[in-house]
Amino acid sequence: RDRDIVIRMTGCPNSCGRPSMGEIGFIGKAPGTYNMYLGGDFVGKRLNTLFAESVTEDQIIALLTPIFGRYAAEREKGEAFGDFVVRAGYVKPMTAGRLWWSLPQV
Numbered sequence: 003r004d005r006d007i008v009i010r011m012t013g014c015p016n017s018c019g020r021p022s023m024g025e026i027g028f029i030g031k032a033p034g035t036y037n038m039y040l041g042g043d044f045v046g047k048r049l050n051t052l053f054a055e056s057v058t059e060d061q062i063i064a065l066l067t068p069i070f071g072r073y074a075a076e077r078e079k080g081e082a083f084g085d086f087v088v089r090a091g092y093v094k095p096m097t098a099g100r101l102w103w104s105l106p107q108v
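Numbering-wise (my numbering), the sequence shown opens with residue 3 and increments by one.
Laid out in C-alpha cells, this is it:
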C-alpha cells in the first residue's frame, strides 16, 4: 500500500541531482520557478518527460495534489508512481535519451 516515490530536484545547469531519473523531477529555471518532469521509472530504466514549464512552488502543489489522489485511488497492485502517470496519460514514456530535451505531444 505504501510506496516510495523518487523525487529529484536541481538548480544546477549540469543536472548534478539527476532530475531526469526521478519519477518526479524538477529543474530550476529561476528562484522559485521550475520545470516539472514526470514518468521516470522507479529503477531508472526510463527517463521522465516534461510535464509543466516554469511552475512556481504553489503551482507544483496544485498540479501534483490531484495526480497523487488518482494514484492512491487507481493504481494497480505494485504499480510505481512513474508507471502510473504514463499509464494514466499524464505523459508519454521517454524511451530515448536523445529526445529528452524535446517537448512531447501529450
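Idealized CB from N, CA, C, for every residue including glycine.
Everything numeric in this text was worked out from a predicted model, so none of it was measured.
Taking 8 Å as the cut-off, decide whether the C-beta atoms of residue i and residue j are in contact.
i: Val-93; j: Phe-53; result: yes
i: Ile-111; j: Ile-29; result: Lying before the first or after the last residue shown, residue 111 is absent from the chain, which here runs from 3 to 108.
i: Glu-55; j: Gly-34; result: no
i: Ala-82; j: Arg-20; result: no
i: Asn-50; j: Gly-80; result: no
i: Arg-1; j: Phe-70; result: Residue 1 falls outside the range modelled here, since the chain spans only 3 to 108, and no answer is possible.
What separation, rounded to the nearest whole angstrom, lies between the Cα atoms of residue i and residue j?
i: Cys-18; j: Asn-37; result: 15 Å
i: Leu-40; j: Thr-67; result: 14 Å
i: Thr-97; j: Asp-43; result: 11 Å
i: Pro-95; j: Ala-64; result: 23 Å
i: Ala-90; j: Ala-74; result: 13 Å
i: Cys-14; j: Arg-72; result: 31 Å
i: Asn-16; j: Val-45; result: 22 Å
i: Val-108; j: Thr-12; result: Below a pLDDT of 50, predicted positions are generally treated as unreliable, and Val-108, at 47, falls in that range; the measurement from the model is reported next regardless. Distance between the alpha carbons of Val-108 and Thr-12 is about 24 Å.
Have a look at the options and flag the residue whose alpha-carbon is nearest the alpha-carbon of residue i.
i: Lys-47; options: Tyr-73, Gly-84, Met-11; result: Gly-84
i: Ile-9; options: Lys-31, Gly-91, Ala-32, Ile-62; result: Ile-62
i: Val-57; options: Ala-74, Lys-31, Arg-72; result: Lys-31
Handout entry: beta strand (DSSP E) runs wholly inside the segment 12-96, at least 3 long, in chain order
Key = 26-32, 35-40, 51-58
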